[in-house]
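Some notes on the structure that comes next.
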Amino acid sequence: MSAWSSRLPRGVRRLFRLPPTPGRALKDIDEEIQFHFDMRVAELRSLGMSDADARDEAARRFGDSREYRGHEARRAAHALRWYGLRAWAEQAERFAGDARWALRSLRHSAIFSGAIILILGLGIGMTTAMFTVFESVLLRSMPIREQDRVVELSGQARGAATELPIIPAQLRRYQAETRALSAVAAFAHWRTIAAPLMDGDRTVILRQAEVTGNFFDVLGTRPALGRVFHAGDVVDFDWASPKRTYPVVLSFGAWRRAFGADSAVLGRHLREPKLDMDMVIVGVAPPGLDYPRGVEFWIGYLYGSLDVIGRLAPGATVASAREEFMGFLDRDPDQIRFVGSHAIRAQVHTLEQTVLDDARPVLVILAAAVGLLMLIACTNVGNLMLLRAAVRTREMAIRRAIGAGVADLVRHLLIECMLLAVAAGLLGVLCARLFVAALVRLAPAELPRLDSVAVVGWPLAIAAAVTVLTVIVFGLVPSLGALRFDLSSPLRSGGRSGTASRAATTLRAFLVAGQIGLAVIVAAGAGLLLRSLQRLTTLDTGYSTEHLSFLSVSFPWVKMIADCKPHLATLTASDSARWNRCEETSNYDAHDGVMARLRALPEVVSISPSVAPPFLGSNVWMTRTRTEYQTETEAKSNPWFGLDCVGAEFFRTLDMPILRGRGFTDADREGAARVAVISEGVARFLWPHQDALGKRFHDLNSDGVDSLTTVVGIVPDLHFREYRNPTPMVFRPYRQVHAQGYFVVRTRGTPEASFAAMRNATANAGVGATFVNAQSMDQLIAPQLAAPRFQTLLLALFASAALLLAAIGLYGVTASAVNQRTRELGIRIALGATPRKLRRMVLGRAVSLAGAGVCFGLIVAAGASQLLRSMLFEISPVDPLTLVGVAVLLFFVALLAAYVPARRATMIDPSRALRAE
Amino acid sequence: MARETNDLLHGTLDLLVLKTLSWGPMHGYGITKWIEQATSGELEILDSALYKALHRLEDAGAIATEWGLSDNNRRAKYYSLTARGRQLLRAETATWKRYVAAVGGVIEMA
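Chains as they are written, first to last, in numbering that gives the first Met the number 0: chain A, 0 to 916; chain B, 0 to 109.
In structure tokens form, the structure reads like this:
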């Protein structure tokens, strides 16, 4: 006999018919002998014997009690010794018998069993899938050593440009100066940007992040394959020698998606066509390293504006790092000269906060939705089990009466529940795998680290535990209640299939109302997201996105620099300026050459340069302004505005109105008067309650000389830097500021149809330009809508499932109520009740249940939808139209679910109903 | 007079116990009393022998035990017939009848 079973409580031992322990067995034997002896003595004394004689006679009749006791002790020990072999076989046999019985009984009610398995399976599957995503995105830490010691640092300016970059020279000074950080690394201020890469003849578009050589050292990340960068690997990007080879580390996800997880990628060369850069793949990052967010490859070069990360030195805190960085920004001479603005404060966040902040609300909402769904599923299953328990009261009583022990019945029910739970669990695992696969496929880049998602143990364990508990609580407890009944009462009571107790009926009514309430909550969430998505897709961007596209063209910039280079040993400042101007002019002329060719195409309506791709965010390509009469101190509080450098046809190409003044002309070029078109937001801020037209502001020109610029036109704010929000913008003629090979084009037909013609025209422009790629505005907008679309889709799915379950619940309750009242309804019909009246009676109860549920749901939903606030676009979390709509929908579905049984009630044949009893 | 178990064939005692229990669950003392009354005291069996027989039958799966309350509200061990016990009773009864007939025939001949 194994040791564990001797420690089990007696109830369990009895339930599973384990033999008693030797000590227990002897105690039982002694008790039995004592009882026998006492009874015998009492009998003999009643025949008139004296107490002493009676005892002697009883002992004689028993025989040798010591021999008997010894015999019994040996027998008990023997029974235990052989228990392992003999009893296990018996147990297995009994279990098989029980399982057969349970299977038979489940097969008899196939619809019931199927419904339970389906509901629970879907519930477990969805819950597990969601928790799996939750776990890998939010809870599992990134492959970064001591994540909470790695911080992101930035200065903040007033206004739209919240985070200020620093320049490479500042980074080097800060690296030398800092005491709060043990190491400082940096990456490009724009974080990630989509780059077309040539892998042989193939073009892959991957999101690139430019980082310093010590980036991975600061994170403390080891490569999955090859190596990561090391200090000294990476230098500033140098226009004079762009031909050097830049090292690249692929993200794990990009390696799998774009390179088929081929370990031979190490050492492979890629070409970036825009800057004609040569790259070599040196390593693959470990799965789950999603920093900066959305990155698909890290490239080792630095150019322009940087964001800073560092590892806190021992003893340093986030607060001390913030103080030190703020002090540095205040003192540093380059802060004003190059960055152009004082920071009004510094902010320092740990990586944990930064990476998870955006994903958290979405996941919390989805997890809440799944939790609610699981709750509905459990409630529904509970309801079904209660219904079944009511039906089986009679069966239980009969089985008790023909000799089944309580233990037998409990064991049978338990095994039945377990079979259901196991089947549901298996279905659940299957569903979970499908859901996770679908989630990973559908999820937008906004969900970080999905490349490392896999169904893991504990979310499944939680879901399975919840299920088993549900099945047992609702499957066993009501049946146990039935067992406690006086045996004969269910047999006597009139119901054909037994009647549920009043308490059980009330409980089930509560469960159904609760389900409807929960469904209202999920549906309200889905409704709000749907309305928000609808607003997003029909958003007025302030310009026409139809037939608009964005082009990227590469120019031979290296050759332009070389051609303009003065052949002098030493350069004076004026030589240098002349070199600059020569280089700029050839760049602008090359742009004009390409535009002239493209404009000549019959498909093209108009074309203009633009300095950066749309929807890049409001953090990059910004300008700081100082109005003519502002002092430098006053100007400190001016916000940063988006800056675009555009051509004469820009506003025509975007098809947007010029509210006042004029747009640009071809005469607005280098050497001419410096002019600007500003959007209303800029005008309102810089010249409140004044006419901004003709006003002037200071602007740093490319030579670093401060000169006045005149406002010649005013346009509306537009959704160009961000999709969701209009941003105030300053537009300048590109020939007065900068051009870097990006164009907006308006075409006559669909943009895609003319891309091939544009490619040829670019190559034939004779300026050495190459067409890199083009995207229609719809293609550019799609990723902006991907996340809300995904969230809406998921929540809508959950809401449909919740609705369906709630409808099933209400149907079940109403149908069983009609069943139980067959006799009463029959009598009513016999007494002349009209079908209308009967229907109203049955529906009345369903309606009051649904009403209670909907009210409860609306109250909770109104509060809970505040959680959705950050995901909603231009819609209130308590949007009355949505809430009322959801309530009406739920009510309608509830009525529909109750109508079927109500109709059946009117068709009861009174004579049959009465005779059936 | 009480007799030694050996005097009574093992099978006989088992048969008596099974037959007794076919009337319903009983505790050990009840079984002795029932056999005493049914045989009008002709067969008086040592109590320890009866208990040994009960436990032998229990091991064979012919009877089951359960603790319950006696008429005077004391905890007592109740024995009842299992399905296998009922089967055994039928088989043993048939055997016994053939045995009695055979022995009877021999004695009549003498």
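In this text, a Cβ means the ideal position worked out from N, Cα and C, and glycines have one as well.
Here the structure is a predicted model, which is why all the values come from computation and not from measurement.
For this session: Confirm, please, whether the CB-CB distance from serine 553 of chain A to alanine 768 of chain A is below 8 Å.
Result: yes
Problem set entry | 9 Å Cβ cut-off: residues of chain B touching phenylalanine 133 of chain A | Going along chain B, no residue has its Cβ under 9 Å from phenylalanine 133 of chain A, so there is no contact; the nearest lies around 51 Å.
Exercise. If the cut is a Cβ gap below 8 Å, which residues of chain B does phenylalanine 61 of chain A touch?
Worked result: Correct list: Leu45, Asp46 and Ser47.
For this session: Below 8 Å on the Cβ atoms is my guess for aspartate 690 of chain A versus threonine 624 of chain A; work out the distance and round it to an integer in Å.
Result: The pair is not a contact, with the Cβ atoms about 17 Å apart (cut-off 8 Å).
For this session: Pull up the distance between the alpha-carbon of alanine 897 of chain A and that of serine 753 of chain A, whole angstroms please.
Result: Distance from the CA of alanine 897 of chain A to the CA of serine 753 of chain A, rounded to the nearest whole angstrom, comes to 58 Å.
For this session: Answer yes or no: does any C-beta atom of chain B fall closer than 8 Å to that of histidine 70 of chain A?
Result: yes
Problem set entry | Own chain, CB closer than 7 Å to tyrosine 722 of chain A, minus 5 neighbours either side, in chain order | Phe614, Ile780 and Gln783
Exercise. Between the stretch 900-913 of chain A and the stretch 392-400 of chain A, do at least 3 Cβ pairs fall closer than 8 Å?
Worked result: no
For this session: Verify the CB distance criterion: does glycine 23 of chain B have a CB-CB separation below 8 Å to chain A?
Result: no
Exercise. Aspartate 37 of chain A to alanine 59 of chain B, Cα distance in whole Å?
Worked result: 29 Å
Exercise. Across which residues does DSSP place glycine 62 of chain A in a beta bridge pair?
Worked result: According to DSSP, which records beta bridges pairwise, glycine 62 of chain A is partnered with nothing at all.
For this session: Could you spell out the range, first to last residue, of the alpha helix (DSSP H) harbouring isoleucine 118 of chain A?
Result: First-last of the alpha helix (DSSP H) with isoleucine 118 of chain A: 109-133.
Exercise. Whose C-beta lies closer than 6 Å to the C-beta of arginine 971 of chain A among residues of the same chain, with five residues either side of it excluded?
Worked result: Because residue 971 of chain A is not part of the residues shown, which for chain A are 0 to 916, the question remains open.
Exercise. With 16 other CB atoms within 10 Å as the buried threshold, where does valine 102 of chain B fall?
Worked result: With fewer than 16 other Cβ atoms from the protein chains shown falling within 10 Å of its own Cβ, valine 102 of chain B counts as exposed.
For this session: Step through the CB atoms of chain B and report whether any lies within less than 8 Å of the CB of phenylalanine 34 of chain A.
Result: yes
For this session: Could you tell me the boundaries of the alpha helix (DSSP H) in which asparagine 71 of chain B lies?
Result: That residue, asparagine 71 of chain B, is in no alpha helix (DSSP H); it is neither H nor E in DSSP.
Exercise. Mapping DSSP to helix, strand and coil, what is leucine 895 of chain A?
Worked result: helix
Problem set entry | Contacts around tryptophan 686 of chain A, its chain only, beta-carbon distance under 8 Å, and the 5 residues preceding and following it disregarded | Cβ within range, chain order: Thr626 and Lys694.
Exercise. What is the DSSP secondary structure of threonine 918 of chain A, counted as helix, strand or coil?
Worked result: Here chain A covers residues 0 to 916 and nothing more, so residue 918 of chain A does not appear.
For this session: Using the DSSP secondary-structure output, state which residues sit across from tryptophan 457 of chain A in a beta bridge.
Result: Looking at the DSSP assignment, tryptophan 457 of chain A forms no beta bridge with any residue, so it has no partner.
Exercise. How many Å lie between isoleucine 164 of chain A and alanine 184 of chain A at the Cα?
Worked result: The amino acid at residue 164 of chain A is misidentified as isoleucine; the sequence shows proline. Rounded to the nearest angstrom, the two C-alpha atoms are 13 Å apart.
Exercise. Quick one: is tyrosine 67 of chain A near chain B, going by C-beta distance under 8 Å?
Worked result: yes
For this session: From the DSSP output, in three-state form, read off leucine 707 of chain A for me.
Result: strand
Exercise. If valine 877 of chain A and alanine 861 of chain A are in contact, beta carbons under 8 Å, what's the gap, nearest whole angstrom?
Worked result: 5 Å
For this session: Select from A:Leu528, A:Asn818, A:Ala829 and A:Ala568 the residue whose C-alpha is nearest the C-alpha of serine 869 of chain A.
Result: A:Leu528
Problem set entry | Check whether arginine 747 of chain A and glutamate 545 of chain A have beta carbons under 8 Å apart | no
Exercise. Glycine 10 of chain B CB to nearest chain A CB: under 8 Å?
Worked result: no
Exercise. So is aspartate 27 of chain A in contact with chain B if we call contact Cβ pairs under 8 Å?
Worked result: yes
For this session: Give the secondary structure of glutamate 633 of chain A by DSSP, where H, G and I count as helix, E and B as strand, and everything else as coil.
Result: helix
Problem set entry | Where glutamate 92 of chain A falls, given that 16 or more other Cβ within 10 Å makes a residue buried | exposed
Problem set entry | beta strand (DSSP E) runs wholly inside the stretch 271-311 of chain A, at least 3 long, in chain order | 276-283, 296-298 and 305-311
Problem set entry | Cα-Cα separation between leucine 793 of chain A and glutamate 89 of chain A, rounded to whole angstroms | 50 Å
For this session: Enumerate in chain order the residues of its own chain whose CB-to-CB distance from serine 864 of chain A is below 7 Å, with the five nearest sequence positions on each side excluded.
Result: Ala523, Gly524, Leu527, Pro876 and Val877
Exercise. With a cut-off of 8 Å, does the C-beta of glutamate 56 of chain A fall near any C-beta of chain B?
Worked result: no
For this session: Kindly indicate if chain A contains any beta-carbon less than 8 Å away from that of tyrosine 50 of chain B.
Result: yes
For this session: Express the C-alpha separation of methionine 141 of chain A and leucine 419 of chain A in angstroms, rounding to a whole number.
Result: 38 Å
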